[in-house]
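Novice: One structure coming up, written as structure tokens, with questions to follow.
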């Protein structure tokens with residue numbers, strides 16, 4: 001399947017559309033919005049986990065991989081979603097959480113009950129001679145990465161929450177079970193699969209980290225991960241010529257990703273990486289704020305563009321997801337330049353080499369929530385941080401500044417459908433407060449306005465399908481040292497594309513060296529985010545957050 005012209009739309013089901021008034025989004029709600037998504041032009045709908053779960057980690061603690069959580073609907077609802085989406089040329093992409101299960105999963109419960117077969121499904125290990133945990137590794141959610149199970153007299157590994165027990169992929173029975181799960185959903189008509197933290201499945205050794213960092217050197221991009229992904233490919237999704245897969249890669253490298261998503265690797269179609277979303281982390285610490293490092297952002301995006309292309313591998317392109325604050329509030333100006341900065345960010349991303357992902361609400365310019373009451377937050381990471389910093393004596397105003405910038409709830413507020421109460425998301429009380437700006441930022445108004453952010457996204461999606469140079473052109477960074485402009489060229493046998501984008505609220509100009517261009521008059525304006533855009537020249541002026549895309553046919 002050619003996936004180079006495709007665009008994925010990510011849905012956080014809990015916050016998308018609630019049809020029964022319980023305040024939680026559901027599958028019938030997604031079905032009710034399929035025409036909206038079809039009109040937008042997207043090809044895949046990635047759904048965050050919809051399986052039965054205790055919800056300790058928002059569904060990434062799966063208790064049953066082959067069922068639907070009643071909060072979201074029924075299996076019949078899911079089957080209807082697949083059927084109705086297919087009628088509109090849209091595929092479903094499901095989240096496969098295969099590094100770990102919930103401790104509520106039947107496999108883990110059988111392990112605790114003494115069934116040896118299932119004990120071998122997990123990474124149980126005896127403690128040290130003094131009774132302490134097998135290693136000093138730290139969980140990614142804080143605290144030790146091992147929990148003691150008195151029922152079996154051993155510790156089990158959990159790289160995430162203590163209710164998320166890591167699976168032992170070295171057990172062929174585990175790998176067979178996981179392939180069967182993929183095939184179960186393939187039988188329902190699913191062609192897309194997103195694999196959560198999939199590069200953590202192969203553990204190198206169970207040793208103390210001498211630097212007491214967190215142990216990631218012992219389980220990231222491990223020695224068997226490629227062989228196991230190749231096996232999973234052959235046993236499941238690789239049997240489907242229409243399959244499209246993406247792996248979430250934690251703390252990975254470019255070299256590793258060339259293997260994961262190389263066309264000859266027999267592993268995955270593409271990968272998610274996060275390096276570019278840490279450029280505003282002071283000292284690489286999430287809760288330490290600093291203005292984003294624009295030079296680093298350009299370098300990271302460019303290095304991955306050229307490096308993945310050199311390895312004939314494919315990348316996911318995204319600014320937003322369910323774990324990230326809204327990019328518009330982070331890299332743009334969501335108040336004075338709401339429209340311009342939203343469309344600028346979209347223009348830069350959608351003309352790159354890779355598969356663009358749109359996170360729900362991004363296409364209408366949804367912003368951070370800017371909550372100022374801790375009771376408005378639901379994200380356990382955010383509430384824990386508030387409690388911890390309060391106990392340290394940090395002022396509440398200072399803590400709220402951090403949460404308004406970084407909380408995951410910024411991305412999880414309900415989708416803003418219209419200006420009616422609760423933004424048209426629910427007739428009841430939403431599980432998470434609606435962003436107060438919904439009367440002026442909502443889908444109904446955006447669809448009606450031909451100059452809206454939504455229609456700019458529609459144009460970008462259409463261009464990807466129309467122009468082969470966006471799908472497969474070479475990438476070259478231009479104006480690498482410019483302090484305000486991100487400029488690049490895409491080039492193939494058919495056409496040359498030039499993208500100019502001003503990332504700041506001050507006007508500037510793009511002094512393109514003439515020797516890098518054909519005759520400026522040969523470039524036509526393809527799309528801009530202001531009512532009128534200047535022609536390409538040796539000194540193209542750019543207004544605040546202006547983005548312009550030019551095309552030259554060959």
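Residue numbers (full-length UniProt numbering): 1 to 554. Cβ atoms here follow ideal geometry from the backbone N, Cα and C, with glycine treated the same way. The model shown is predicted, which means the values in this text are computed figures rather than measured ones.
1. Which residues does DSSP list as the beta-bridge partners of residue 317?
2. Under three-state DSSP, which class holds residue 132?
3. Quick one, which of 139, 176, 150 has its alpha-carbon nearest residue 162's?
4. Quick test of your reading: residue 428 and residue 18, contact by CB under 8 Å. State the CB separation rounded to the nearest angstrom.
5. Please classify residue 105 as buried or exposed, where buried requires at least 16 other C-beta atoms within 10 Å of its C-beta.
6. Per DSSP, residue 13 forms a beta bridge with which residues?
7. Can you tell me where the beta strand (DSSP E) with residue 548 in it begins and where it stops?
8. Tell me, please, which residues DSSP counts as bridged to residue 93.
9. What beta strand (DSSP E) runs, 3 residues minimum, are completely inside the stretch 191 to 278?
10. For residue 174, which residues from the same chain have a beta carbon less than 7 Å from its beta carbon, with the 5 sequence-adjacent residues on both sides left out?
11. Among the candidates 461, 420, 426, whose CA atom is the shortest distance from the CA of residue 441?
12. Can residue 355 and residue 7 be called in contact, C-beta distance under 9 Å?
13. Taking only runs of the alpha helix (DSSP H) that begin and end inside the stretch 477 to 520, which ones reach a length of at least 4 residues, in chain order?
14. The alpha helix (DSSP H) that contains residue 468, what's its start and end?
15. By how many angstroms is the C-alpha of residue 402 removed from the C-alpha of residue 255?
16. Please classify residue 132 as buried or exposed, where buried requires at least 16 neighbouring CB atoms within 10 angstroms.
17. Who are the near neighbours of residue 327 in its chain, counting only those whose CB is closer than 8 Å to its CB and skipping five residues on each side?
18. Are the Cβ atoms of residue 577 and residue 221 separated by less than 9 Å?
19. Using only alpha-carbon positions, find the residue among 521, 88, 179, 384 that is nearest to residue 32.
20. Mind checking residue 300: buried by the 16 CB within 10 Å criterion, or exposed?
21. Closer than 8 Å: is that where the CB of residue 478 sits relative to any heavy atom of the ligand ZN?
22. Could you spell out where the beta strand (DSSP E) holding residue 101 opens and where it closes?
23. Can you list, in chain order, the stretches of the alpha helix (DSSP H) that have 4 or more residues and sit fully within the stretch 279 to 319?
24. Here's the rule I'm using: 16 or more other beta-carbon atoms within 10 Å means buried, otherwise exposed. How should residue 331 be labelled?
25. Let's see if you can read the secondary structure: which residues bound the alpha helix (DSSP H) around residue 109?
26. Can you round the beta-carbon distance between residue 430 and residue 414 to whole angstroms, since I take them to be within the 8 Å contact cut?
27. Which residues does DSSP pair with residue 147 in a beta bridge?
28. Within 10 angstroms of the Cβ of residue 373, are there 16 or more other Cβ atoms? Answer buried if so, exposed if not.
29. By how many angstroms is the C-alpha of residue 499 removed from the C-alpha of residue 558?
30. Between 223, 526, 236, 291, which has its C-alpha nearest residue 259's C-alpha?
31. Say whether the stretch 518 to 525 touches the stretch 369 to 384, bearing in mind that this needs 3 or more beta-carbon pairs closer than 8 Å, one atom from each stretch.
32. According to DSSP, is residue 141 part of a helix, a strand, or is it coil?
Specialist: Let me spell this out:
1. Here residue 317 corresponds to residue number 317 of the chain shown, with the count starting at 1. BP columns for residue 317 point to 356.
2. Position 132 of the chain shown holds residue 132. Residue 132 falls in the coil class under three-state DSSP.
3. On the chain shown, residue 162 is found 162 positions in, with the first residue counted as 1. Here the closest residue by C-alpha is 139.
4. As a working mapping, residue 428 is identified with position 428 in the chain shown. As a working mapping, residue 18 is identified with position 18 in the chain shown. Sure, about 7 Å apart at Cβ, within 8 Å.
5. Translated into the one-based positions of the chain shown, residue 105 becomes position 105. When all chains shown are included, residue 105 counts as buried.
6. Along the chain shown, one-based indexing puts residue 13 at 13. DSSP, once it has assigned bridges, lists no residue as partnering residue 13.
7. Here residue 548 refers to the residue found at position 548 of the chain shown. Unbroken beta strand (DSSP E) run through residue 548: 547 to 553.
8. Locating residue 93 in the chain shown gives position 93, where the first residue counts as 1. BP columns for residue 93 point to 46, 192.
9. 192 to 195, 244 to 248, 270 to 272
10. One-based indexing of the chain shown puts residue 174 at position 174. Only 121, 167, 168 meet the Cβ criterion.
11. In the chain shown, residue 441 corresponds to position 441, counting from 1. Out of 461, 420, 426, 420 has the C-alpha closest to the C-alpha of residue 441.
12. Counted from its first residue, the chain shown places residue 355 at position 355. Counted from its first residue, the chain shown places residue 7 at position 7. Yes. Within cutoff.
13. none
14. Translated into the one-based positions of the chain shown, residue 468 becomes position 468. 468 to 472 is the span of the alpha helix (DSSP H), which, as asked, contains residue 468.
15. On the chain shown, residue 255 is found 255 positions in, with the first residue counted as 1. On the chain shown, residue 402 is found 402 positions in, with the first residue counted as 1. Answer to the nearest angstrom: the Cα atoms are 34 Å apart.
16. Reading the chain shown from its first residue, position 132 is the one you call residue 132. Under this definition residue 132 is an exposed residue.
17. Within the chain shown, residue 327 is the residue found at index 327, counting from 1. 319, 320, 345, 362, listed in sequence order.
18. The structure shown has nothing for residue 577, since the chain only spans 1 to 554.
19. Locating residue 32 in the chain shown gives position 32, counting from the first residue. The shortest Cα separation from residue 32 among 521, 88, 179, 384 belongs to 88.
20. Counted from its first residue, the chain shown places residue 300 at position 300. Buried: at least 16 other Cβ atoms inside 10 Å.
21. What this structure holds is no ligand at all, so the ligand ZN is not there to describe.
22. Within the chain shown, the letter at position 101 stands for residue 101. Here the beta strand (DSSP E) through residue 101 covers 100 to 102.
23. 294 to 310
24. Position 331 of the chain shown, counted from the first residue, corresponds to residue 331. Buried: at least 16 other Cβ atoms inside 10 Å.
25. Here residue 109 refers to the residue found at position 109 of the chain shown. Where residue 109 is concerned, the enclosing alpha helix (DSSP H) stretches over 106 to 112.
26. Numbered from 1 along the chain shown, position 430 holds the residue referred to as residue 430. Numbered from 1 along the chain shown, position 414 holds the residue referred to as residue 414. Sure, about 5 Å apart at Cβ, within 8 Å.
27. In the chain shown, counting from the first residue as 1, residue 147 sits at position 147. Residue 147 is bridged to 156.
28. Within the chain shown, numbered from 1, the residue matching residue 373 stands at position 373. Exposed, since its Cβ has fewer than 16 Cβ neighbours within 10 Å.
29. Here the chain comprises residues numbered 1 to 554, so residue 558 is not present and cannot be evaluated.
30. Taking the chain shown and counting its residues from 1, the one referred to as residue 259 is at position 259. Of the listed residues, the one whose Cα sits closest to residue 259 is 223.
31. no
32. Residue mapping note: residue 141 aligns to position 141 of the chain shown, counting from 1. Three-state result, residue 141: coil.
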